[in-house]
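J.: Using my numbering, you'd call the opening residue of the sequence shown number 30 and step up by one each time.
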Amino acid sequence: MRFEIKVCFAPHHAGTIDAWLAAHPDAFRSTFAPRRVNNVYFDTPDLQAFAENLAGVSRRCKVRLRWYGADDLPERGTLELKHKHGTLGWKDSFAIEAPYVSGDSWADVHRRIRAQLPRDVRREFDEHPRATLLNRYHRRYLESADRVLRVTLDTDQQMFDQTRARSPNLRRRSHIPDVHVLELKCEAEDRRRAVRALASCPVRVTRFSKYAIGVELR
């Protein structure tokens with residue numbers, strides 16, 4: 030399991046956050062090249078994952094297909110079952126080839142993904158047949174000098190509602206607040222250190238879910 034904690038802030042605080050990270054005693058430095066992250070989220074017919082997120086249910090699961098780079102729709106990706114238990118979480122990940130072919134409906138995409146999943150995972154995926162949200166954002170990666178703490182910084186968020194779409198909607202963009210998201214991550218046994226590292230953050234820690242915001246403001 031890993032520990033995750035988020036900080037959301039307005040774009041005008043970006044310089045302050047960058048300066049805080051640069052001067053931090055844990056010596057955060059870039060570790061990977063920045064890249065665009067893309068996700069399609071799947072939910073139950075009655076949007077149970079969305080409702081649980083809004084309610085702050087301690088134990089919950091989100092299902093998403095993730096891919097990286099400039100492609101609006103994926104040639105390949107990773108199906109992730111993201112489990113959450115309070116501030117602790119873990120992911121089950123499965124490589125997926127060619128989940129989308131031009132002209133596919135979301136039902137077609139769901140079938141293509143399902144066919145590539147282990148049998149014991151299909152039941153969970155079958156409970157989430159409804160594509161609800163496509164989102165994308167620019168992500169930077171940092172790490173403490175000893176590689177115990179990891180930071181991601183997400184900016185330039187774009188979201189596209191899929192709840193009313195039979196096939197992928199990339200034309201009608203949702204109107205969402207322009208927020209940046211910092212997430213601090215570490216192994217569960219290092220969470221006290223992560224909390225100490227965030228104690229000096231100039232912006233307060235907040236609950237935030239890209240998925241919940243995207244569906245709520247569709």
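C-beta: ideal position from N, C-alpha, C; glycine also.
Express the C-alpha separation of R143 and D149 in angstroms, rounding to a whole number.
T.: For the purposes of this step, residue 149 is taken as the residue at position 120 of the sequence shown. For the purposes of this step, residue 143 is taken as the residue at position 114 of the sequence shown. The straight-line gap from Cα to Cα measures roughly 11 Å.
J.: Along the chain, where does the alpha helix (DSSP H) containing T192 start, and where does it finish?
T.: Taking the sequence shown and counting its residues from 1, one reaches residue 192 at position 163. Element bounds for T192: n/a, residue is neither H nor E.
J.: Is DSSP giving E153 helix, strand or coil here?
T.: Along the sequence shown, one-based indexing puts residue 153 at 124. Three-state DSSP puts E153 in a helix.
J.: Assuming the contact rule is C-beta atoms closer than 8 Å, N198 and Q191 should be a hit. Round their C-beta distance to whole Å, please.
T.: Locating residue 198 in the sequence shown gives position 169, counting from the first residue. Locating residue 191 in the sequence shown gives position 162, counting from the first residue. N198 to Q191, Cβ: 6 Å. Contact.
J.: Is it buried or exposed, H209, if we count other Cβ atoms within 10 angstroms and call 16 or more buried?
T.: For the purposes of this step, residue 209 is taken as residue 180 along the sequence shown, with counting starting at 1. H209 should be labelled buried.
J.: Entirely within the segment 206-233 and at least 4 residues each: give me those alpha helix (DSSP H) ranges in chain order.
T.: Correct list: 220-227.
J.: Which word fits D183, buried or exposed, when buried means at least 16 other C-beta atoms lie within 10 angstroms of its C-beta?
T.: By one-based count along the sequence shown, residue 183 stands at place 154. Result: buried.
J.: Identify the continuous alpha helix (DSSP H) that holds E81 and give its terminal residues.
T.: Numbered from its first residue, the sequence shown carries residue 81 at position 52. From DSSP, the alpha helix (DSSP H) with E81 extends over Q77 to A84.
J.: Do A160 and R141 have their CB atoms nearer than 8 Å?
T.: Here residue 160 refers to the residue found at position 131 of the sequence shown. Here residue 141 refers to the residue found at position 112 of the sequence shown. Not in contact: A160 and R141 (Cβ atoms no closer than 8 Å).
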